[in-house]
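Number of protein chains: 2
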Amino acid sequence: MAIELYYWPMIQGRGEFVRLALEEAGARYVDVARGKNGMRAMQRFLDGAERGALPFAPPFVRVGRTVVSQTANVLAFLGPRLGLVPDDEGARAEASQVQLTIADLVAEAHDTHHPIASSLYYEDQRQAAAQRARTFVDERIPKYLGWLERLLERNRRSRGRWLVGRDLTYADLSAFQVVAGLRYAFPNAMARAERTLPKLVALHDRVAARPRIAAYLASERRIAFNEQGIFRHYPELDAKPPRAARKTTRGKAPRRRRTR
Amino acid sequence: MAIELYYWPMIQGRGEFVRLALEEAGARYVDVARGKNGMRAMQRFLDGAERGALPFAPPFVRVGRTVVSQTANVLAFLGPRLGLVPDDEGARAEASQVQLTIADLVAEAHDTHHPIASSLYYEDQRQAAAQRARTFVDERIPKYLGWLERLLERNRRSRGRWLVGRDLTYADLSAFQVVAGLRYAFPNAMARAERTLPKLVALHDRVAARPRIAAYLASERRIAFNEQGIFRHYPELDAKPPRAARKTTRGKAPRRRRTR
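Protein sequence lines, in the order shown, are assigned to chains A and B.
Take 70 as the starting number for the first sequence in my numbering and just add one per residue.
Take 70 as the starting number for the second sequence in my numbering and just add one per residue.
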């Protein structure tokens with residue numbers, strides 16, 4: 070029985086955390102809203118015309134008769150089914166705690182370009198966006214990613230390779246995604262932040278190199294980052310380029326990691 | 070074995086969702102940071118000096134050797150132990166989905182007074198706060214609370230009395246708390262919104278009347294709402310008073326529900 074995923078078809082957004090888990094597990098799934106009449110099918114759930122729990126917003130999944138919404142809750146529900154979380158309760162709570170903290174970071178990343186209202190255009194809240202983004206870049210990115218780095222340092226069971234327990238969990242996939250998204254949106258800020266995040270950067274690369282993830286990222290199923298999503302590249306919201314790059318007279322662009 | 074709760078001692082904040090669950094269940098617990106040397110004890114976890122999962126921020130609990138953080142995750146973990154969630158997986162996912170959506174609402178309520186940065190004073194972001202609060206009051210409160218009302222309408226198993234399944238769950242306690250908080254912060258907006266939320270208002274009253282909750286609310290353990298917490302009453306961020314009240318020449322104050 071295929072898992073049905075429902076999410077906005079044009080962006081990675083919060084749905085991407087679910088897609089990555091499904092892809093890594095090699096699960097049979099349908100990305101419903103990207104198919105024919107898919108948006109209408111998704112809307113039926115939001116209108117309460119379908120059975121099961123009423124989602125507040127996408128993403129949500131239907132597995133058999135069970136409808137599950139809220140990204141972290143979807144992953145807590147799918148994780149055991151997909152083999153992406155250990156069997157014991159403490160480890161599951163730990164993976165969920167990481168996912169929820171990443172969700173908070175994602176919400177704050179969104180609010181850098183929409184600090185006043187999601188229902189307004191970015192262009193109508195640029196001044197507040199510039200202010201919010203500055204604190205996000207200076208304080209929040211280092212705080213959140215520094216916390217992930219510390220989790221890796223503390224996790225002796227994986228020798229610093231994975232966030233929770235011995236093996237990869239969905240939390241690692243989500244950490245990959247948030248690094249990729251922040252690199253897209255804030256390349257200068259991330260170039261600076263990553264200097265003190267060696268384990269997190271290595272985790273990102275380790276996830277990107279997993280055969281199924283690598284195949285997914287190279288496929289058309291992976292929607293490109295864009296300026297309708299959560300991670301948007303508005304250069305005016307990013308940190309300034311690193312000093313070395315600004316001072317150079319040789320016209321060399323700063324080395325920038327490729328983000329897929 | 071007593072459950073240890075760790076949260077900022079001067080505010081209800083996110084810790085209150087956990088406190089309400091512990092109180093309703095009549096659980097043995099210690100609100101550690103409110104005791105002697107409690108803040109220092111809490112800080113040790115945040116510094117990574119204690120064993121177990123590293124919390125990003127309070128609230129978190131320690132049960133035996135297990136440390137669990139992130140409010141919704143704490144409640145998903147404690148819920149079965151406290152008898153505050155049904156036994157089946159679908160219902161648990163449903164309760165968690167409600168909790169997470171309430172958490173999103175709480176984050177947005179916070180950002181009405183801190184739209185630019187948590188690290189700045191309200192006074193330094195008042196203009197953006199006024200803008201953000203306006204959308205929150207006009208669009209977001211009705212959308213979130215309207216969704217809770219619909220959940221009650223749809224839940225035939227409880228005849229519209231509880232949000233998930235037949236009986237009270239921690240999600241109902243959290244819905245009570247968010248109604249109480251929004252009434253404190255936005256009394257005018259809530260007076261207007263509640264006209265179309267009869268089931269949610271009844272749920273609030275039903276929770277408030279439960280013997281253990283009523284005793285808790287009347288006790289010193291219940292911290293009063295205040296302007297350091299998440300729900301802050303800044304009149305300039307609220308909606309205008311209802312038209313009838315504004316037009317009256319008899320000098321009567323608009324009827325306002327008591328919020329504890």
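Ideal placement from N, C-alpha and C gives every residue a C-beta, glycine not left out.
Because the structure is a prediction, the values reported are computed rather than measured.
Per DSSP, what kind of secondary structure is residue i in: helix, strand or coil?
| i | result |
| --- | --- |
| residue 227 (chain A) | helix |
| residue 173 (chain B) | helix |
| residue 72 (chain B) | strand |
| residue 323 (chain B) | Reliability of the predicted coordinates at residue 323 (chain B) is poor, the pLDDT of 46 falling under 50, and the value obtained from them is presented with this limitation in mind. Looking at residue 323 (chain B) - three-state DSSP - the assignment turns out to be coil, as it is neither helix nor strand. |
| residue 98 (chain A) | strand |
| residue 201 (chain A) | helix |
| residue 300 (chain A) | coil |
| residue 114 (chain A) | helix |
| residue 233 (chain B) | coil |
| residue 309 (chain B) | coil |
| residue 77 (chain B) | coil |
Can you check which of these residues, the options, is closest to residue i by C-alpha distance?
| i | options | result |
| --- | --- | --- |
| residue 330 (chain A) | B:161, B:151, B:269 and B:150 | Here chain A has residues from 70 to 329 only, and residue 330 (chain A) is not among them. |
| residue 137 (chain A) | A:288, A:72 and A:236 | A:72 |
| residue 273 (chain A) | A:221, A:192, A:114 and A:142 | A:221 |
| residue 291 (chain B) | B:250, B:268 and B:258 | B:250 |
| residue 202 (chain B) | B:75, B:309, B:294 and B:89 | B:309 |
| residue 107 (chain B) | B:77, B:168, B:258 and B:304 | B:77 |
| residue 88 (chain B) | B:183, B:270 and B:246 | B:246 |
| residue 198 (chain A) | A:95, A:181, A:127 and A:167 | A:181 |
| residue 167 (chain A) | A:99, A:307 and A:140 | A:140 |
| residue 311 (chain B) | B:178, B:257 and B:206 | B:257 |
| residue 307 (chain A) | A:275, A:277, A:262 and A:270 | A:262 |
| residue 153 (chain B) | B:96, B:110 and B:293 | B:96 |
| residue 223 (chain B) | B:185, B:163, B:275 and B:279 | B:163 |
| residue 169 (chain B) | B:206, B:151 and B:142 | B:142 |
| residue 204 (chain B) | B:229, B:192, B:255 and B:293 | B:255 |
| residue 244 (chain A) | A:155, A:267 and A:276 | A:276 |
| residue 151 (chain A) | A:242, A:94 and A:84 | A:94 |
| residue 240 (chain B) | B:131, B:196 and B:86 | B:86 |
| residue 35 (chain B) | B:278, B:238, B:195 and B:214 | Here chain B covers residues 70 to 329 and nothing more, so residue 35 (chain B) does not appear. |
| residue 228 (chain A) | A:83, A:101, A:269 and A:112 | A:269 |
| residue 206 (chain B) | A:196, A:127, A:186 and A:225 | A:186 |
| residue 132 (chain B) | B:271, B:195 and B:98 | B:98 |
| residue 135 (chain B) | A:183, A:129, A:159 and A:155 | A:159 |
Quick check on the DSSP output: the beta strand (DSSP E) that includes residue i runs from which residue to which?
| i | result |
| --- | --- |
| residue 156 (chain A) | Premise fails: residue 156 (chain A) is in no beta strand (DSSP E) and is neither H nor E. |
| residue 193 (chain A) | It is not in any beta strand (DSSP E) - residue 193 (chain A) carries neither H nor E in the DSSP assignment. |
| residue 125 (chain B) | Where residue 125 (chain B) is concerned, there is no enclosing beta strand (DSSP E), given that its DSSP letter is neither H nor E. |
| residue 129 (chain B) | 129-132 |
Please classify residue i as buried or exposed, where buried requires at least 16 neighbouring CB atoms within 10 angstroms.
| i | result |
| --- | --- |
| residue 188 (chain B) | exposed |
| residue 70 (chain A) | exposed |
| residue 157 (chain A) | exposed |
| residue 265 (chain B) | exposed |
| residue 295 (chain B) | exposed |
| residue 116 (chain A) | exposed |
| residue 304 (chain A) | exposed |
| residue 322 (chain B) | A caution first: residue 322 (chain B) carries a pLDDT of 48, below 50, which makes its placement in the model unreliable, though a value can still be read off. When all chains shown are included, residue 322 (chain B) counts as exposed. |
| residue 190 (chain B) | exposed |
| residue 148 (chain B) | buried |
| residue 200 (chain B) | buried |
| residue 165 (chain A) | buried |
| residue 320 (chain B) | Any reading at residue 320 (chain B) needs caution, since the residue's pLDDT is 47, under 50, leaving its predicted position unreliable; the model's value is listed next. The residue is exposed, with fewer than 16 neighbouring Cβ atoms inside 10 Å. |
| residue 79 (chain A) | exposed |
| residue 289 (chain A) | exposed |
| residue 327 (chain B) | Because the pLDDT at residue 327 (chain B) is just 46, under 50, the model does not fix this residue reliably, and the point stays unresolved. |
| residue 178 (chain A) | buried |
| residue 192 (chain B) | exposed |
| residue 81 (chain A) | buried |
Tell me the residue span of the alpha helix (DSSP H) that contains residue i.
| i | result |
| --- | --- |
| residue 245 (chain B) | 239-254 |
| residue 140 (chain B) | 140-151 |
| residue 86 (chain A) | 84-93 |
| residue 275 (chain B) | 267-277 |
| residue 281 (chain B) | 280-286 |
At least 3 beta-carbon pairs within less than 8 Å: the stretch 165-175 of chain B vs the stretch 209-229 of chain B = Contact check between the stretch 165-175 of chain B and the stretch 209-229 of chain B: three or more CB pairs, one atom from each, fall below 8 Å, which counts as touching.
Could you tell me whether the stretch 122-131 of chain A touches the stretch 213-233 of chain B, where touching means 3 or more Cβ pairs closer than 8 Å?
-> Short answer: they touch.
Check whether the stretch 294-307 of chain A touches the stretch 239-253 of chain A, taking contact to mean three or more Cβ pairs, one atom from each stretch, closer than 8 Å.
-> Contact check between the stretch 294-307 of chain A and the stretch 239-253 of chain A: three or more CB pairs, one atom from each, fall below 8 Å, which counts as touching.
Touching or not, the stretch 283-290 of chain A and the stretch 231-239 of chain A, by the rule of three or more beta carbon pairs under 8 Å?
-> These segments do not touch.
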